[in-house]
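Novice: Residue numbering for the sequence shown follows my numbering, beginning at 165 and increasing consecutively.
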Amino acid sequence: MELEKIEAVVEAVLFAMGEAVSTDKLAAAIGHDGETTRRLVHQMMDRYNSREGGMEIIELEDSFQLCTRREYYDALIRVAKQPKKYVLTDVQLEVLSIVAYKQPVTRQEVEKIRGVNSDHALNRLVEYGLVGEAGRLDAPGRPILFGTTEEFLRNFGVRSTEELPTVQPELVEEMKTEAEEEVQLKLNL
165 MELEKIEAVV EAVLFAMGEA VSTDKLAAAI GHDGETTRRL VHQMMDRYNS REGGMEIIEL
225 EDSFQLCTRR EYYDALIRVA KQPKKYVLTD VQLEVLSIVA YKQPVTRQEV EKIRGVNSDH
285 ALNRLVEYGL VGEAGRLDAP GRPILFGTTE EFLRNFGVRS TEELPTVQPE LVEEMKTEAE
345 EEVQLKLNL
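Right, dumping it as C-alpha cells:
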C-alpha cells in the first residue's frame, strides 16, 4: 500500500473511532508492525502541527487520537451543545493526586493516606471519567483497584503518567513535619 493510502487509513480510523486507538489496532488496520505504525503516526502528527488546521493527533500512552485543537474549542462549543463542565474541589484534587501517583490503588489505601473517608470524592472522579477501575486486588473481598483514565491524560495535557511532575523529597519532609505539628496542636487542645 502506498504511503498516502496508509495515512488515509490511519486518519479514517482515528476519525471514525472518536477516541484513542491503540498502536496495535492501528498497525492491524494498515498491515504493519507497531514500531513502523508509531513512526508513521508521529510523522502525521508533525504534519498536522506544522499547518494551521483545526485538528491534531495526540498521543495518550500507547494510543493515538484525532481531536480538535484547544485554541478552537470556544468556536466549537458555540456550535455544539455546551459540554458538561465540572470543577474539582480541593478534596477531589487531593484524591485524584493520590490515585495518579499511587495507582493502582484501593479505596482503603486512599483513605489511609488522607485519614478520612473518601467515598464521595472517588465516586465523583469516576463519574467525571478521570478515574476508573484498574482491576481487583488479590485479597479477601477482592477490592477494586483504581487508576487514572485517558480522560485524565487529556484533561491534564500529558501523554502518560510518567510525565506527571515529581514530588521533591524536601517538600515531602516539610509536609510530614507540618502534619505532625498539626496533629500535636489538636492533641494539646
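Heads up, the beta-carbon is just placed ideally off N, CA and C, and yes, glycines get one too.
Could you tell me the boundaries of the alpha helix (DSSP H) in which V174 lies?
Specialist: Position 10 of the sequence shown holds residue 174. Taken as a continuous stretch (DSSP letters only), the alpha helix (DSSP H) holding V174 covers L167 to M181.
Novice: Grab the span of the alpha helix (DSSP H) containing L134 for me, first residue to last.
Specialist: Past the boundaries of the shown model lies residue 134; the chain is included only from 165 to 353, so the question cannot be answered.
Novice: Out of curiosity, what's the CA-to-CA distance linking A264 and V255?
Specialist: By one-based count along the sequence shown, residue 264 stands at place 100. By one-based count along the sequence shown, residue 255 stands at place 91. So the alpha carbons of these two residues sit roughly 14 Å apart.
Novice: Between R306 and the rest of its own chain, which residues show a CB-CB distance below 7 Å, the 5 nearest in sequence each way excluded?
Specialist: If you number the sequence shown from 1, residue 306 lands on position 142. If you ignore the 5 residues before and after R306, its C-beta comes within less than 7 Å of the C-beta of R300, all in its own chain and listed in chain order.
Novice: Going by DSSP, name the residue or residues bridged to Q229.
Specialist: Within the sequence shown, the letter at position 65 stands for residue 229. Answer is I222.
Novice: Going by alpha carbons, who is nearest to V177 out of L309, C231 and A244?
Specialist: Start at 1 with the first residue of the sequence shown, and residue 177 comes out as number 13. Each of L309, C231 and A244 was checked against the Cα of V177, and the nearest Cα belongs to C231.
Novice: Is it right to say I241 is buried, meaning 16 or more other beta carbons lie within 10 angstroms of its own, or is it exposed?
Specialist: Position 77 of the sequence shown, counting from 1, holds the residue named residue 241. So I241 counts as exposed.
Novice: Do L286 and T313 have their beta-carbon atoms positioned less than 9 Å apart in this structure?
Specialist: As a working mapping, residue 313 is identified with position 149 in the sequence shown. As a working mapping, residue 286 is identified with position 122 in the sequence shown. No, they are not a contact pair.
Novice: Flag this pair as yes or no: are the beta carbons of I222 and R288 separated by less than 9 Å?
Specialist: If you number the sequence shown from 1, residue 222 lands on position 58. If you number the sequence shown from 1, residue 288 lands on position 124. Not closer than 9 Å, so no.
Novice: Determine whether the beta carbon atoms of S227 and T187 lie at a separation below 9 Å.
Specialist: Sequence index remark: in the sequence shown, residue 227 carries index 63 (1-based). Sequence index remark: in the sequence shown, residue 187 carries index 23 (1-based). In contact: S227 and T187 (Cβ atoms closer than 9 Å).
Novice: Would you mind working out which of V243, V274, K249 and P268 sits nearest E258, comparing C-alpha positions?
Specialist: As a position in the sequence shown, residue 258 is number 94, starting the count at 1. Out of V243, V274, K249 and P268, V274 has the C-alpha closest to the C-alpha of E258.
Novice: Mind checking who S186 pairs with in its DSSP beta bridge?
Specialist: Taking the sequence shown and counting its residues from 1, the one referred to as residue 186 is at position 22. For S186, which the question treats as bridged, DSSP gives the partners S227.
Novice: Measure the C-alpha to C-alpha separation of L328 and K249 and round it to an integer number of angstroms.
Specialist: In the sequence shown, counting from the first residue as 1, residue 328 sits at position 164. In the sequence shown, counting from the first residue as 1, residue 249 sits at position 85. Distance between the alpha carbons of L328 and K249 is about 23 Å.
Novice: Helix, strand or coil for A298, going by three-state DSSP, please let me know.
Specialist: Taking the sequence shown and counting its residues from 1, the one referred to as residue 298 is at position 134. Correct three-state label for A298: strand.
Novice: Report the CB separation of E183 from M208 in whole angstroms; it is logged as a contact under 8 Å.
Specialist: Position 19 of the sequence shown, counted from the start, is the residue given in the question as residue 183. Position 44 of the sequence shown, counted from the start, is the residue given in the question as residue 208. That belief does not hold up - the Cβ atoms of E183 and M208 are roughly 17 Å apart, past 8 Å.
Novice: Would F320 and V290 be called neighbours here (beta carbons separated by less than 9 Å)?
Specialist: On the sequence shown, residue 320 is found 156 positions in, with the first residue counted as 1. On the sequence shown, residue 290 is found 126 positions in, with the first residue counted as 1. Cβ distance not < 9 Å, so F320 and V290 don't count as in contact.
Novice: Comparing C-alpha positions only, which one of E346, H284 and I262 sits nearest to T278?
Specialist: Indexing the sequence shown from 1 puts residue 278 at position 114. One point to set straight first is that residue 278 is Arg, not Thr, in the sequence displayed. Selected option, being the one with the closest Cα: I262.
Novice: Does any CB atom of chain C fall closer than 9 Å to the CB of M209?
Specialist: Here there is only one protein chain, and chain C is not present.
Novice: Using the beta-carbon count (16 or more within 10 Å), is A192 buried or exposed?
Specialist: The count along the sequence shown starts at 1 and reaches residue 192 at position 28. So A192 ends up on the exposed side.
Novice: For Y212, which residues from the same chain have a beta carbon less than 7 Å from its beta carbon, with the 5 sequence-adjacent residues on both sides left out?
Specialist: Here the question's residue 212 lines up with position 48 in the sequence shown. Here the set comprises M219, E220 and I221.
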